[in-house]
Amino acid sequence: MVALDARLIQAICELGQKYEARKIVLFGSRAKGSHRPNSDIDLAVYSIPGVTKEGSLAGELDDLDTLLKIDVVFITEKTDRKLQDAVQKEGVVLYDRLSE
Numbered sequence: 177m178v179a180l181d182a183r184l185i186q187a188i189c190e191l192g193q194k195y196e197a198r199k200i201v202l203f204g205s206r207a208k209g210s211h212r213p214n215s216d217i218d219l220a221v222y223s224i225p226g227v228t229k230e231g232s233l234a235g236e237l238d239d240l241d242t243l244l245k246i247d248v249v250f251i252t253e254k255t256d257r258k259l260q261d262a263v264q265k266e267g268v269v270l271y272d273r274l275s276e
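One gets my numbering by counting positions in the sequence shown from 1 and adding 176 to each.
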């Protein structure tokens with residue numbers, strides 16, 4: 177169960193496309209369904225090195241029309257393995273460039 181408004185998911189997907197992200201995954205309590213009304217939104221962004229403008233994407237994600245805090249982590253080969261595993265195990269893919 178994805179605990180996000182459909183309009184917010186659409187906006188996230190549009191930003192993923194705009195900034196040429198490879199994939200955007202919801203993880204944490206909102207992906208697991210254990211969130212509270214004021215729980216933040218945890219997003220893992222798999223970017224394309226040299227293509228995705230990570231700072232601009234993070235800024236626009238933060239500016240989305242929601243009262244909730246959005247935490248963005250960019251997943252690279254240097255990202256902590258435990259975090260990568262958690263995102264892969266519990267995450268819900270919101271945007272995937274390969275399935276456009």
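In this text, a Cβ means the ideal position worked out from N, Cα and C, and glycines have one as well.
Closest to residue i by C-alpha separation, out of the options, would be which residue?
i      : options                           : result
LEU202 : LEU240, VAL178, GLY231 and SER210 : VAL178
ALA278 : LEU233, PRO213, ARG206 and VAL227 : Since the first residue of the chain shown is 177 and the last is 276, residue 278 is not available in this structure.
ASP238 : LEU191, ASP261 and LYS199         : LEU191
LYS194 : GLU266, PRO213, ARG212 and GLU236 : GLU236
ILE200 : VAL249, ALA262 and ASP216         : VAL249
Assuming residue i is part of the beta strand (DSSP E), what are its boundary residues?
i      : result
ILE217 : 217-222
ASP238 : Careful: ASP238 lies outside any beta strand (DSSP E), inside the alpha helix (DSSP H) at 230-238.
ASP272 : 268-272
Could you pull the start and end residues of the alpha helix (DSSP H) that residue i belongs to?
i      : result
VAL249 : Note, VAL249: premise wrong, no alpha helix (DSSP H); beta strand (DSSP E) at 246-251.
LEU184 : 182-194
Under the criterion of a Cβ to heavy atom distance below 7 Å, does residue i qualify as lining the ligand NAD?
i      : result
SER232 : Among the components of this structure there are no ligands whatsoever, and the ligand NAD is therefore not found.
Please report how far the alpha carbon of residue i lies from the alpha carbon of residue j, in whole angstroms.
i      : j      : result
GLY258 : THR228 : Here the sequence assigns Lys to residue 258, which means Gly is not the residue at that position. When rounded, the distance between both Cα atoms is 24 Å.
GLN260 : TYR222 : 10 Å
GLU255 : ALA220 : Residue 255 is actually Thr in this sequence, not Glu. Cα to Cα, the separation comes out at about 11 Å.
ASP247 : SER205 : 12 Å
Can we say the region 266-274 touches the region 231-245, given the rule of at least three CB pairs closer than 8 Å?
No, the region 266-274 is not in contact with the region 231-245.
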